[in-house]
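If you read the sequence shown in the numbering used here, its first letter stands for residue 276, the second for the next number, and so on. A virtual CB, placed ideally from N, CA and C, is assigned to each residue, including glycine. Note that the structure is predicted; figures quoted are calculated from it, not measured. To start, the structure under review is shown below, and the notes come after it.
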Amino acid sequence: MDIQPIALFRSPLSGKFGLPRQSGLADSLRGTVVLEPAYRAPEALRGLDGFDYLWLIWGFHLNRESGSEGLTVRPPRLGGNERVGVFASRSPYRPNPLGLSSVRIERVDADSGEIHVLGADLADGTPIYDIKPYVEYADSHPGVRSGFVHKREWKALQVEFPGHLPPLFAPGELDALREILAQDPRPQYQDDPERVYGLLYEGRNVRFRVSDGVLTVVGVETAAGSGK
Numbered sequence: 276m277d278i279q280p281i282a283l284f285r286s287p288l289s290g291k292f293g294l295p296r297q298s299g300l301a302d303s304l305r306g307t308v309v310l311e312p313a314y315r316a317p318e319a320l321r322g323l324d325g326f327d328y329l330w331l332i333w334g335f336h337l338n339r340e341s342g343s344e345g346l347t348v349r350p351p352r353l354g355g356n357e358r359v360g361v362f363a364s365r366s367p368y369r370p371n372p373l374g375l376s377s378v379r380i381e382r383v384d385a386d387s388g389e390i391h392v393l394g395a396d397l398a399d400g401t402p403i404y405d406i407k408p409y410v411e412y413a414d415s416h417p418g419v420r421s422g423f424v425h426k427r428e429w430k431a432l433q434v435e436f437p438g439h440l441p442p443l444f445a446p447g448e449l450d451a452l453r454e455i456l457a458q459d460p461r462p463q464y465q466d467d468p469e470r471v472y473g474l475l476y477e478g479r480n481v482r483f484r485v486s487d488g489v490l491t492v493v494g495v496e497t498a499a500g501s502g503k
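Listed below in structure tokens is the structure:
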């Protein structure tokens, strides 16, 4: 089957590092689905503004590794060391590099072919292959088992900014950045309190350390080529 993108995603996050590991973990994070010219007509989005959420089917375009790690993968939730079957995980390294995300609709601009959404886990430039409305009676299954996800508790980090840094971001941008950082972007097998990491966000390199459950931002620099 030959499939082509019907849209591209626009996000303040340009790389894989720092992307929320699931949709909905950073509810304040804004993004935009921009339809390709062939589908950029009001009738293509007619009726979508009557829904609160939608499904995005998209491609892991930033993966440079081929296929998956094999038939097993190492989920971050398990510390990056234990393996489970690839089909018992949401790993991006899969036989077919397709992602599925449920995101909240902020507003629909049918005339320009844009859907503004919240809580996506997609990087800037991600190809989107299909869009489907989220339907509560069919898509919601509260109280079900979630395998190893329920067996391993995940604690968000406390995020601290030096006083002079928050004014560099608009209030909404800062809220989303806090949510992203609280999820701990580091590889789970790394726990060096002296190591400084860099997260590209809104054209800036946000530098931080993590120690004893506290993430401290130590600086914000203009990212090379960002123009900001």
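Close-in-space but distant-in-sequence residues of the same chain around residue i (CB under 6 Å, 5 per side omitted)
i    : result
L323 : V383
I455 : G293, A301
T307 : R285, E389, H391
9 Å Cβ cutoff met for residue i and residue j
i    : j    : result
W333 : I390 : no
A431 : A395 : no
L475 : L337 : no
V359 : G422 : yes
P462 : P351 : yes
R479 : L443 : yes
R321 : A451 : no
L331 : L397 : yes
A363 : P317 : no
P468 : S486 : yes
L449 : G494 : no
R339 : S387 : no
Cut-off 7 Å between Cβ atoms - residues of its own chain near residue i, not counting five sequence neighbours on either side
i    : result
T491 : E435, F483, R484
F326 : I380, P408, Y409
T347 : R358, V359, G360, V361
A498 : L475, G478, R479, N480
DSSP bridge partner residues for residue i (one or two, in chain order)
i    : result
L288 : DSSP, once it has assigned bridges, lists no residue as partnering L288.
I380 : V392
L283 : V309, P402
Cβ shell of residue i (< 8 Å), same chain only, five flanking positions each side left out
i    : result
S343 : In this prediction, S343 scores a pLDDT of 47, lower than 50, which makes its location untrustworthy; the coordinate-derived value is nonetheless stated afterwards. Once the five neighbours on either side are set aside, the close Cβ partners of S343 are V361, S366, Y368, R369, P370.
G488 : K430, L432, Q433
S415 : none
L329 : L323, S377, V378, I380, I390, V392, I406, K407, P408, Y409
Proximity test, Cβ basis, 9 Å: residue i and chain C
i    : result
I380 : Annotation note: the requested chain C is absent from the structure, which comprises a single protein chain.
Proximity test, residue i beta-carbon vs the ligand NAD heavy atom, cut-off 8 Å
i    : result
G388 : Annotation note on the ligand NAD: not contained in the displayed structure, which lists no ligands.
| Segment contact, 8 Å Cβ cut-off, at least three pairs: the segment 292 to 308 with the segment 374 to 390 | yes
| message | Assess contact between the segment 350 to 358 and the segment 306 to 313, defined as three or more Cβ pairs (one per stretch) separated by less than 8 Å. Is contact present? | response | no
| message | Which complete beta strand (DSSP E) runs does the segment 300 to 377 hold, if anything under 3 residues is left out? | response | 305 to 310, 328 to 334
| message | Three or more C-beta pairs under 8 Å: does that hold for the segment 404 to 411 against the segment 279 to 287? | response | yes
| query | Can you list, in chain order, the stretches of the beta strand (DSSP E) that have 3 or more residues and sit fully within the segment 427 to 493? | reply | 433 to 435, 472 to 476, 479 to 486
| request: Report the residue ranges of all alpha helix (DSSP H) runs contained in full by the segment 387 to 429; include only those spanning at least 4 residues, in chain order. | output: 411 to 414, 423 to 426
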